[in-house]
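Quick notes on the structure that follows.
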Amino acid sequence: MKTNYVLITGASAGIGLALAHQFAKQKYSLILVARRQDRLQALKEELEAHYQIDVVIQVFDLGQTDQLDAFYDRLRDYSIQYWINNAGFSVSKDLLDLSSQELQAMIAVNDTALALLSNRYASDYKDVAGAQLVNVSSVVGYALSEGSPFYSATKFFVSAFTEGLDHYLQSKGHALRAKVIAPAATATEFTQVARGLKESVNHDEIYDRYHTAEEMAGFIIELIHSDKTVGRVNMQTFEFQLLNPQLPDLY
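The sequence shown begins at 1 in full-length UniProt numbering and counts up by one.
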């Protein structure tokens, strides 16, 4: 089995791309997942040339939920130390203007794919020392957002599922950790895609404060190296915090 890989979904841009570079600098081999083959291929060639690591690319649309098991099964020859479910998207429209297709697509990528792949990975790696699952939520996965209530709901699922999974794993004495990261505004293609724009946006004109993709990637690595379950941006100070589980529970 090929060992010590980091798998990153949504790896062709934004936080996923920044994560790929930061893990490559640390000499981890990578499995990069995204829909855009041209970007993945260019990234593979760049990282392999600069860092002498193995980079495996998987061109896959996580919205194809009926293909998720087959996608996961293709990766079982690799030992994956960190599995990072980073892919996700939103559609910037009034809630009642969202089409059924748009609602279903957000659920498919943000929730269904993340949950199924998390469950498969947790089942296989629950007793592997050092293995970690990281799911990317959002600050609106911990506080309701007036501007994007449906996207917020999909991210509440990510937060609740991941916190619950980590509690389950620890209560059963398993080695695997499940962790959740909650970014705030970040300078990536996310806003451009959400608004359906062809041109990139000027984040200084949209947000009073934001992090760069590189900063958020660094926060994820900081979370991985901690014993905490949650990494979240504090909306008052805009500082990154490492936290114990944040949601109320009935344990």
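Ideal Cβ positions, reconstructed from N, Cα and C, are used throughout, including at glycine.
Put residue i into one of helix, strand or coil per three-state DSSP.
i, result
"Thr-162", "helix"
"Gln-192", "In this predicted model, Gln-192 has a pLDDT of only 49, less than 50, meaning its place in the structure is not dependable; the value taken from the coordinates is given anyway. Here Gln-192 sits in helix by DSSP."
"His-167", "helix"
"Leu-30", "strand"
"Phe-240", "strand"
"Val-180", "strand"
"Val-128", "coil"
"Val-134", "strand"
Please classify residue i: is it buried, with 16 or more other beta-carbons within 10 angstroms of its beta-carbon, or exposed?
i, result
"Glu-163", "buried"
"Gln-81", "buried"
"Gly-173", "exposed"
"Ala-131", "buried"
"Asn-86", "buried"
"Asn-110", "buried"
"Arg-36", "exposed"
"His-211", "buried"
Just to confirm my understanding: we take residue i, look at its own chain, exclude 5 residues before and 5 after, and list those with CB closer than 8 Å. What are they?
i, result
"Asp-124", "Arg-76"
"Leu-144", "Ser-152"
"Ile-53", "Ala-24, Lys-27, Tyr-28, Ser-29, Leu-30 and Leu-47"
"Arg-209", "Ala-184, Ala-185 and Phe-238"
"Asn-244", "Lys-228, Thr-229 and Val-230"
May I ask which residues mark the beginning and end of the alpha helix (DSSP H) holding residue i?
i, result
"Tyr-125", "114 to 125"
"Ile-221", "213 to 224"
"Gln-67", "Here Gln-67 belongs to no alpha helix (DSSP H), and DSSP marks it neither H nor E."
"Gln-37", "37 to 51"
"Leu-19", "14 to 25"
"Gln-101", "100 to 107"
Can you list, in chain order, the residues of its chain with a C-beta nearer than 7 Å to that of residue i? Leave out the 5 residues immediately preceding and following it.
i, result
"Ser-138", "Lys-155, Ala-182 and Pro-183"
"Thr-3", "Ser-79"
"Ala-115", "Phe-161"
"Ile-57", "Leu-32, Leu-40, Gln-41 and Lys-44"
"Tyr-142", "Ser-159, Ala-182, Arg-232 and Gln-246"
Per DSSP, which residues does residue i bridge with? Please list them.
i, result
"Thr-186", "His-211"
"Val-6", "Leu-30 and Tyr-82"
Residue range of the beta strand (DSSP E) that residue i falls in?
i, result
"Gln-58", "55 to 59"
Give me, in chain order, the residues of the same chain whose beta-carbon lies closer than 6 Å to that of residue i; leave out the 5 immediate sequence neighbours on both sides.
i, result
"Tyr-5", "Ser-29, Ile-31, Tyr-78 and Ile-80"
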